[in-house]
Amino acid sequence: MIVKNVPGRATWGHIALLAGFAAFIVWYVADSFLASSQITNLLLIVPVGGLALFIAAMLLVQTGMALRSNARGRPGAPEAPAEQAPWRHRYGPMASMISMVIYVVGLPWAGFDLATACFVAANMWIYGERNLVLIAGYACAFGAAVAAAMRYLLFVPIPTLLPL
Amino acid sequence: MIDVDALQQAFYVLFTDISPWIAVPAGLMIGLMFGMLPGLSVPIAMAVFLPLTLYMDFTTAILFLTAIFTGGGFGGAVPAVLMNVPGTSAALATTFDGYPMARKGRHNEALGLALGASTVATALGYLLLLLLIEPASRVVLKLGPPELFMVALWGLTLIAALSEGSFFKGLLAGALGLLAGTIGMSSAGVMRGTFGSMHMLDGIPITAALIGLIAASELFDLVKSDYIVEDERSRKVSLREILRGFFGALRNFGLILRGSFLGSVIGAVPGIGSTVANLVSYSYTKNRARGGEKDTFGKGNPKGVVAAESANSSSEAGSMVTLLALGVPGGAGTAVMLGAFAMHNVTGGPRFISDNKEIVYTIILGNFVQSVLLVFIGIFFLRISILVVKLPLRFLVPSIMALTILGAYALTGNMLGPITLVGAAILGWIMKLYGYPAVAMVIGLLLGAMAEGELLRSYQLGGRDLTIFFERPIALTLLALLLLTLAYPMIRRLRARSRIDRANVST
Numbered sequence: 365m366i367v368k369n370v371p372g373r374a375t376w377g378h379i380a381l382l383a384g385f386a387a388f389i390v391w392y393v394a395d396s397f398l399a400s401s402q403i404t405n406l407l408l409i410v411p412v413g414g415l416a417l418f419i420a421a422m423l424l425v426q427t428g429m430a431l432r433s434n435a436r437g438r439p440g441a442p443e444a445p446a447e448q449a450p451w452r453h454r455y456g457p458m459a460s461m462i463s464m465v466i467y468v469v470g471l472p473w474a475g476f477d478l479a480t481a482c483f484v485a486a487n488m489w490i491y492g493e494r495n496l497v498l499i500a501g502y503a504c505a506f507g508a509a510v511a512a513a514m515r516y517l518l519f520v521p522i523p524t525l526l527p528l
Numbered sequence: 003m004i005d006v007d008a009l010q011q012a013f014y015v016l017f018t019d020i021s022p023w024i025a026v027p028a029g030l031m032i033g034l035m036f037g038m039l040p041g042l043s044v045p046i047a048m049a050v051f052l053p054l055t056l057y058m059d060f061t062t063a064i065l066f067l068t069a070i071f072t073g074g075g076f077g078g079a080v081p082a083v084l085m086n087v088p089g090t091s092a093a094l095a096t097t098f099d100g101y102p103m104a105r106k107g108r109h110n111e112a113l114g115l116a117l118g119a120s121t122v123a124t125a126l127g128y129l130l131l132l133l134l135i136e137p138a139s140r141v142v143l144k145l146g147p148p149e150l151f152m153v154a155l156w157g158l159t160l161i162a163a164l165s166e167g168s169f170f171k172g173l174l175a176g177a178l179g180l181l182a183g184t185i186g187m188s189s190a191g192v193m194r195g196t197f198g199s200m201h202m203l204d205g206i207p208i209t210a211a212l213i214g215l216i217a218a219s220e221l222f223d224l225v226k227s228d229y230i231v232e233d234e235r236s237r238k239v240s241l242r243e244i245l246r247g248f249f250g251a252l253r254n255f256g257l258i259l260r261g262s263f264l265g266s267v268i269g270a271v272p273g274i275g276s277t278v279a280n281l282v283s284y285s286y287t288k289n290r291a292r293g294g295e296k297d298t299f300g301k302g303n304p305k306g307v308v309a310a311e312s313a314n315s316s317s318e319a320g321s322m323v324t325l326l327a328l329g330v331p332g333g334a335g336t337a338v339m340l341g342a343f344a345m346h347n348v349t350g351g352p353r354f355i356s357d358n359k360e361i362v363y364t365i366i367l368g369n370f371v372q373s374v375l376l377v378f379i380g381i382f383f384l385r386i387s388i389l390v391v392k393l394p395l396r397f398l399v400p401s402i403m404a405l406t407i408l409g410a411y412a413l414t415g416n417m418l419g420p421i422t423l424v425g426a427a428i429l430g431w432i433m434k435l436y437g438y439p440a441v442a443m444v445i446g447l448l449l450g451a452m453a454e455g456e457l458l459r460s461y462q463l464g465g466r467d468l469t470i471f472f473e474r475p476i477a478l479t480l481l482a483l484l485l486l487t488l489a490y491p492m493i494r495r496l497r498a499r500s501r502i503d504r505a506n507v508s509t
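Next comes the structure, spelled out in structure tokens:
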């Protein structure tokens, strides 16, 4: 659980994350205030929100200063050589995240069986499997099995493409 | 302290009827399976099988449900060690050292440690329950809103302990979690942050958020590996190693004893339970470690696994105190058990203990036997579940991801669960990238609603004045303990520095 130092080249991302945190705090405190301005509603939210906003602002300033000093300290520094890592090492996590978002959006539309099969197949490919027959076979069997288990073992009503 | 006649009756009831001993092994297996599958929780297992208890007598029904509880308590450790996915929120701290052990090829030992700590701690927790159920029920009655709020704050101070190296990032993550934990209908009846959606009335689905925040960053990053254990020679299932871990846990008996005590005490506090117990026990053990050993926590220190597992397993006994003594469920699992009470026309509470001592003792004794049975069933179960390290990640990770998302749907019954899980997964990965401890956010989320409710009740109890915290001895003691906990790392650092200075002067 030891927190690592933020790499200098990534501080723009860090600034975006902190800005996102700050936006959430401001929105949530404002929404709570608009819902009810009584002290009983804001007893915990306002002090905690204020503290969180203060820390976010402090880290934002700290990160901005680090970014500036990095830019000053390395004028005309040569570009880092392009990474030679395989495709899945560089873009795998991002591709997996995107597929997860598409999966969740598609679940109610495509049915739990088909969406699960497509998601599993896509991620098997992302994680390095290249045998298409194996991908199709495993993904279809998995999708059908979990959809059936949800409906008949856990009694969770779910939309499916197949008449399970 | 113990009613010997009632105890004798309990022995008689337990060992002259075969029906509990058919139900208990089945309950342990069900609990292990549900605990092991991320997204499916022990309360789900208990709720799914609750209707079955209608066909059982009351004692058998409760023993069946506690067997699911016990099995699930350990089952959650299996994915925590093998996949860094806590099967239940109570197994969160198990991931901290269990998973690094697995990555080093020490998965057999880690699971053996977890099994040893879980079984011994379950038995110790129930032993404490046997001895202390009557006095404990009196103490629990004295905990009012100010004390419960202080306990929640104590849980939050863990943020500082866990995010060592970046106190402010930990604090920010914890505060954000606390705010997000209050989304939904407040104790004062106000809807906040719900976008007007009725699905959000109960707030963010915490189990889905927890799995997303903690597990996802590792699952996404596993794209760079082919197997959980990279070294092929280490990818083995070894009964000898499991047993070595099991007896290794027993060699840390002092640690188990401390974890069991913490688990039983914290488990007895309604709304806190095993989720906080395992974190408290883990951080306490980490903070007490001397010299270089402290740095090995989070990197595969077996003591971390023992501390976490002993606390979460014994908290079951603690939660039974509030259920039996007060009729108040400490968490979702005991709430289902309360459902079983109602189905059998039994009312929990202080009178239940005095009127049905033999049933209470039967439940306690039955759980002793359960913990022994768990050793054998657990070893058998582990030999099968460890095969997961032999599976290529290109099959395992997509399947686990899909199961967690579908599990989140099963938990909430709507799309809020999967959406929360995916959002939390992406946020968890980004937070890890920039050095924010996701676990701090999880603690905040878990305690947010409870902390706000107790603070509000304290405010109302004090006549719209918060000085009530300084007027109650238990709350004041808890406040002092909390400040000491916060100051302890600083004091230790100062002492270490002065020791170094003295050594430099003398040389």
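Protein chains in written order, with our numbering: chain A, 365 to 528; chain B, 3 to 509.
We treat Cβ as the ideally placed atom computed from N, Cα and C, and that holds for glycine.
All values derive from a computational prediction rather than experimental measurement.
Its chain contains G77, G78, V80, P81, G89 and S387 as the residues whose beta carbon lies nearer than 8 Å to that of M38 of chain B, once the 5 sequence neighbours on both sides are disregarded; these appear in chain order. Ranked by Cα distance from F248 of chain B, the first of B:L486, B:K226, B:D19 and B:V308 is B:V308. For a cut-off of 8 Å, the C-beta gap from R396 of chain B to G492 of chain A is around 5 Å, short enough to register as a contact.
Within the model, the alpha-carbon separation for S189 of chain B versus L393 of chain B is close to 47 Å.
Counting of Cβ neighbours within 10 angstroms places R194 of chain B among the buried residues, the total reaching 16 or more. With its beta carbon less than 9 Å from one in chain B, Y467 of chain A belongs to the interface. Per the C-alpha coordinates, the member of B:M202, B:S240, B:G261 and B:V225 positioned closest to P450 of chain A is B:V225. Under DSSP, the beta-bridge partners assigned to G186 of chain B are B:R194. The residue from B:T422, B:M433 and B:I421 with its alpha-carbon nearest to that of S168 of chain B is B:M433.
Excluding residues up to 5 positions away in sequence, N405 lie with their Cβ nearer than 8 Å to the Cβ of A399 of chain A in the same chain. Annotation for H378 of chain A: the continuous alpha helix (DSSP H) segment containing it runs T375 to A399. In this structure, L30 of chain B places its C-beta atom within 9 Å of the C-beta atom of Q372 of chain B.
Comparing C-alpha distances from A427 of chain B to each of B:K171, B:A123 and B:L212 shows the shortest one belongs to B:L212.
Residue contact check for V510 of chain A against chain B: a CB pair falls below 9 Å. For A210 of chain B, no CB of chain A lies under 9 Å from its own CB, so it is not counted at the interface with that chain.
Ranked by Cα distance from R242 of chain B, the options B:T298, B:L113 and B:S120 are led by B:L113. The beta-carbon of N434 of chain A is placed no less than 9 Å from the nearest beta-carbon of chain B. In chain order, F170 make up the part of chain B whose C-beta sits under 8 Å from the C-beta of M422 of chain A.
For P394 of chain B, the secondary structure class from DSSP, reduced to helix, strand or coil, is coil. Per DSSP, I20 of chain B is not a residue of any alpha helix (DSSP H), being assigned neither H nor E. Using a Cβ-Cβ cut-off of 9 Å, T524 of chain A does not count as an interface residue toward chain B, since no Cβ of chain B sits closer than that to its own. Rounded to the nearest whole angstrom, the CA to CA distance from A511 of chain A to I366 of chain B is 39 Å.
The continuous alpha helix (DSSP H) containing Q462 of chain B extends over residues A440 to L463.
Judged by DSSP secondary structure, V484 of chain A falls within the alpha helix (DSSP H) whose first and last residues are F476 to I490. With a 10 Å radius around the Cβ and a threshold of 16 neighbouring Cβ atoms, A383 of chain A comes out exposed. Approximately 36 Å separates the beta-carbon atoms of A251 of chain B and T414 of chain B; this is outside 8 Å, ruling out the contact.
For T184 of chain B, the closest Cβ of chain A is nearer than 9 Å.
Excluding sequence positions up to five before and after T62 of chain B, its CB lies within less than 7 Å of the CB of S21, P22 and A25, all in the same chain and listed in chain order.
Out of B:P148, B:P137 and B:D19, the CA that lies nearest to the CA of I470 of chain B is found in B:P148. For F222 of chain B, the neighbours in chain A by C-beta distance under 8 Å run, in chain order, G456, P457, S460 and M461. L471 of chain A is not a Cβ neighbour of I206 of chain B, given a cutoff of 9 Å. Residue contact check for E454 of chain B against chain A: a CB pair falls below 9 Å.
Put simply, the CB of P81 of chain B is far from chain A, with every gap to its CB atoms at 9 Å or more. The C-beta of L518 of chain A comes closer than 9 Å to at least one C-beta of chain B.
For R194 of chain B, the C-beta contacts it makes with chain A under 8 Å involve Y392, D395, S396, A399, N405 and I409, in order along the chain.
For R105 of chain B, the uninterrupted alpha helix (DSSP H) run begins and ends at L94 to R105, by DSSP.
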